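Before any comments, here is the structure.
There are 2 protein chains.
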Amino acid sequence: MAAPPPSPASSPGAAPYPATDRTVPTRSRERASYDRDAVHAILDAGYVCHLGFVRNGAPVVLPTLYARVGERLYVHGSTGSRPLRGAGEDPGLAVCLTVTHVDGLVLARSAFHHSINYRSVMVHGTARQVTDPAERATALDAVVDHVLPGRAADCRPANAKELAATAVVALDLTEVSAKIRTGGPSDDPEDLSLPHWTGVLPVSPGYGPPVPADDLDPSIALPGYLDRH
Amino acid sequence: MAAPPPSPASSPGAAPYPATDRTVPTRSRERASYDRDAVHAILDAGYVCHLGFVRNGAPVVLPTLYARVGERLYVHGSTGSRPLRGAGEDPGLAVCLTVTHVDGLVLARSAFHHSINYRSVMVHGTARQVTDPAERATALDAVVDHVLPGRAADCRPANAKELAATAVVALDLTEVSAKIRTGGPSDDPEDLSLPHWTGVLPVSPGYGPPVPADDLDPSIALPGYLDRH
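Chains as they are written, first to last, in our numbering: chain A, 1 to 229; chain B, 1001 to 1229.
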């Protein structure tokens, strides 16, 4: 398989992603965005995506880690993984990669207007295995740093045997949309006097204190990138 | 379309879900579980799923709310939603519904052994629209209560117009598996003396203080089900 083209660098103020039939939602179109900075910010705020593909005609949705480098996403896994093997065959694997952050529970006075504040990105495209050694190394570092910025430089890089067991898959950001809901509940005027509490319960990821491994040398201090949490 | 069969009640100690070709993972089989209680606990700990289906031969992964009632999951949405319309046609819509909770970032001394502690459930099956009015009402209450237990009784139920605009889709728990990783990093013996911090950074959902709507009557107290957060 030919190596994929180099990923174009992200540039602030660049044109939005083009809207296509499958990136224009049938519902709540006012929540859709094709702005690159908005999409990048949502992708960079997470590290777990849900990767959808078709196997034997049926959909499969796998949770997995990812990273963004410019206008390209990377996913990695075992060379034995079924979707990653599929991405190594021509013409690659048709995927839909979705990232979702929940920001709040929106409690309206009516059951019907209950909602969720969220930010999500959906990427449609063809995933292809990365074979170039330099791009593979960049991608693997990016996945580690996407989960915890600063960590890639503070661990042993993969050796030849580990690299041989790891498949890296690339998905270009070409057919992409974000969907965002913010704000409070939107009750119908006739419900405003109902006696139910209404508002938003904010939700965000919480981090507990780091738990050292049992065999950690106690002279090794907690690194700064963990101290921030 | 015929009404779906009644959902079997969940019974503690029931037989596990049968393993099938598509619920046995190719990788990390020791992390897979088919235990009903384990699956139910993971499903009940969340409220956002990623619903995969196939449209025009390509995968689509949508984040959406869900609820579990016994051995059946419910998803709701607008009657105009594409997947929900598909579930209203015979023979229903082939879906894969995945729920994922991240419990920790696992930092090993080697990049290769970095991992995530997580609990996920993957459900394969055919989603069908629910037409029975009583089952629809149960499902809609369940979705509200799944997000925030106790809330369904403390808001105005959907009226006829709202019910007519809402599609409810059911997915039976028949082909189901959980995947769970717990514990610390598993470094190779030759890496144990490397000078990198190693352990787990715990992750869990965090809730901020409830934010009342601007038009909330200040005499309405914060309900107990919100006070618990």
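From the three backbone atoms N, C-alpha and C, an ideal C-beta is built for every residue, glycine too.
Note that this is a predicted model, so its numbers are computed, not measured.
Interface flag, residue i vs chain B, CB-CB below 8 angstroms
i: R82 (chain A); result: yes
i: H124 (chain A); result: yes
i: V169 (chain A); result: no
i: A19 (chain A); result: no
i: S177 (chain A); result: no
i: E162 (chain A); result: yes
i: A213 (chain A); result: yes
i: V147 (chain A); result: yes
i: L192 (chain A); result: yes
i: I235 (chain A); result: Lying before the first or after the last residue shown, residue 235 (chain A) is absent from chain A, which here runs from 1 to 229.
i: A58 (chain A); result: yes
i: D172 (chain A); result: no
i: R29 (chain A); result: no
i: A158 (chain A); result: yes
i: P210 (chain A); result: yes
i: L43 (chain A); result: no
i: G86 (chain A); result: no
i: P189 (chain A); result: no
i: V75 (chain A); result: no
Selection from the options that minimises the alpha carbon distance to residue i
i: I105 (chain A); options: B:H1101, B:G1046, B:N1056; result: One point to set straight first is that residue 105 (chain A) is Leu, not Ile, in the sequence displayed. Selected option, being the one with the closest Cα: B:G1046.
i: A1164 (chain B); options: B:R1029, B:V1130, B:R1181, B:V1060; result: B:V1130
i: T1064 (chain B); options: A:K161, A:V123, A:V102, A:I220; result: A:V102
i: R1022 (chain B); options: A:A58, A:K179, A:P185, A:V211; result: A:A58
i: V211 (chain A); options: B:L1062, B:V1203, B:H1076; result: B:V1203
i: E1071 (chain B); options: B:L1192, B:D1215, B:L1194, B:V1176; result: B:V1176
i: L43 (chain A); options: A:A67, A:Y34, A:I220, A:H50; result: A:A67
i: R27 (chain A); options: B:G1077, B:T1182, B:K1179, B:L1216; result: B:G1077
i: V69 (chain A); options: A:H146, A:H114, A:V99; result: A:H146
i: A213 (chain A); options: B:H1050, B:P1133, B:H1114, B:V1075; result: B:H1114
i: L1107 (chain B); options: A:R156, A:N56, A:V60; result: A:R156
i: A1160 (chain B); options: B:P1133, B:G1183, B:A1142, B:T1182; result: B:P1133
i: H40 (chain A); options: A:E162, A:N56, A:V99, A:V75; result: A:V99
i: V1075 (chain B); options: B:R1029, B:A1142, B:L1216; result: B:A1142
i: D215 (chain A); options: B:E1030, B:R1029, B:V1200, B:E1162; result: B:V1200
Residue-chain proximity (residue i, chain A), Cβ-Cβ < 8 angstroms
i: D1035 (chain B); result: no
i: H1050 (chain B); result: yes
i: D1227 (chain B); result: no
i: Y1066 (chain B); result: no
i: R1109 (chain B); result: yes
i: P1133 (chain B); result: no
i: T1182 (chain B); result: no
i: P1218 (chain B); result: no
i: R1151 (chain B); result: yes
i: G1092 (chain B); result: no
i: Y1207 (chain B); result: yes
i: T1100 (chain B); result: yes
i: H1232 (chain B); result: Within the shown structure, residues of chain B are numbered from 1001 to 1229, placing residue 1232 (chain B) beyond reach of any answer.
i: G1199 (chain B); result: yes
i: P1202 (chain B); result: yes
i: P1223 (chain B); result: yes
i: P1016 (chain B); result: no
Whole-Å CB distance - residue i paired with residue j, under 8 angstroms assumed
i: F1053 (chain B); j: P1083 (chain B); result: 5 angstroms
i: A1178 (chain B); j: A1015 (chain B); result: With 8 angstroms as the limit, A1178 (chain B) and A1015 (chain B) do not qualify as a contact, their Cβ atoms being about 15 angstroms apart.
i: V60 (chain A); j: H50 (chain A); result: Their Cβ separation, rounded to whole angstroms, is 10 angstroms, which puts V60 (chain A) and H50 (chain A) out of contact at 8 angstroms.
i: A1032 (chain B); j: P1025 (chain B); result: 5 angstroms
i: R128 (chain A); j: A87 (chain A); result: 6 angstroms
Neighbourhood of residue i by C-beta distance below 8 angstroms, restricted to the same chain and skipping five residues each side
i: R85 (chain A); result: T79, A167
i: R1109 (chain B); result: P1185, D1187, D1191, L1192, L1194, H1196, T1198
Close-in-space but distant-in-sequence residues of the same chain around residue i (CB under 6 angstroms, 5 per side omitted)
i: C1096 (chain B); result: G1052, H1124
i: L73 (chain A); result: Y66, L171
i: R119 (chain A); result: I42, H101, I180
i: V1144 (chain B); result: R1151, A1152
i: P1035 (chain B); result: In the sequence as displayed, the identity of residue 1035 (chain B) is Asp instead of Pro. P1016, listed in sequence order.
7 angstroms CB neighbourhood of residue i in its chain, flanking five on each side removed
i: P1006 (chain B); result: Confidence is the limiting factor: at P1006 (chain B) the pLDDT is only 46, short of 50, which leaves the residue's position unreliable and the question unanswerable from this model.
i: A1158 (chain B); result: L1140, T1166
i: S1081 (chain B); result: A1167
i: T1182 (chain B); result: N1117
i: L1226 (chain B); result: P1210
i: L1222 (chain B); result: P1210
Distance cut-off 7 angstroms: residue i Cβ against heavy atoms of the ligand NAD
i: F1112 (chain B); result: Here there are no bound small molecules, and the ligand NAD is not part of this structure.
Any 3 or more C-beta pairs closer than 8 angstroms across the stretch 1137–1152 of chain B and the stretch 77–95 of chain A: no
Taking three-plus beta-carbon pairs below 8 angstroms as touching, is the stretch 1206–1222 of chain B in contact with the stretch 1147–1167 of chain B? no
At a cut of 8 angstroms, does the stretch 167–181 of chain A reach the stretch 118–133 of chain A through at least three beta carbon pairs? yes
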